Amino acid sequence: MKEQVNHPKHYGGEDNPYEVVKVAEAWGTDKDAYLFNVLKYIGRSGKKDGNPTLQDLKKALWYLDRRIKTIENEDENKHDLYIRLYKENGGDEEREY
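As structure tokens, then:
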């Protein structure tokens, strides 16, 4: 039976210095679920039995798009917070942002 839990071949294998989890830890993407999954699906694309390359790449794209949206939402929420605080502290109510 193929190893599916500890260092499986479709993620690089234990002896590979570029095993997905090792690269993720080196790059710090192991702390971001979205980016970790992007790396994971790109790294295993075409290598895991029963998972077509296109499917893995679409999964990677889905997680990347999701991460981009979280950044955009954070930026939008920060902008809204800055505007509210500005107005609460005497800022110009009519000013466009």
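For the sequence shown, position 47 (counting from the first letter as 1) is numbered 1483 according to the working numbering, and the numbering increases by one without interruption. Virtual Cβ for every residue (Gly too), placed ideally from N, Cα, C. Here the structure is a predicted model, which means the values were calculated and not measured.
For Gly-1464, the three-state DSSP class (helix, strand or coil): coil
Please confirm if the region 1481–1495 is in contact with the region 1507–1515, defined as three or more CB-CB distances below 8 Å between the two stretches. no
Between which residues of its own chain and Arg-1502 is the CB-CB distance below 7 Å, once the five residues before and five after are set aside? Tyr-1470
Note down, in chain order, each residue of its chain lying with its Cβ closer than 6 Å to the Cβ of Ala-1460, except the 5 sequence neighbours on either side. Asp-1466, Phe-1472 and Leu-1475
Rounded distance between the beta-carbons of Val-1456 and Arg-1480, thought under 8 Å: 7 Å
Please return the same chain residues whose Cβ sits closer than 8 Å to the Cβ of Asp-1468, not counting the five positions on each side in sequence. Arg-1503
Nearest candidate by alpha-carbon position, reference Leu-1500, set Tyr-1477, Gly-1464 and Gly-1526: Tyr-1477
With Asp-1516 as the anchor, note down where its alpha helix (DSSP H) starts and where it stops. 1489–1524
Spatial neighbours of Ala-1496 within its chain, please: CB distance less than 6 Å, with the 5 preceding and 5 following residues excluded, ordered by chain position. Val-1474, Tyr-1477 and Ile-1478
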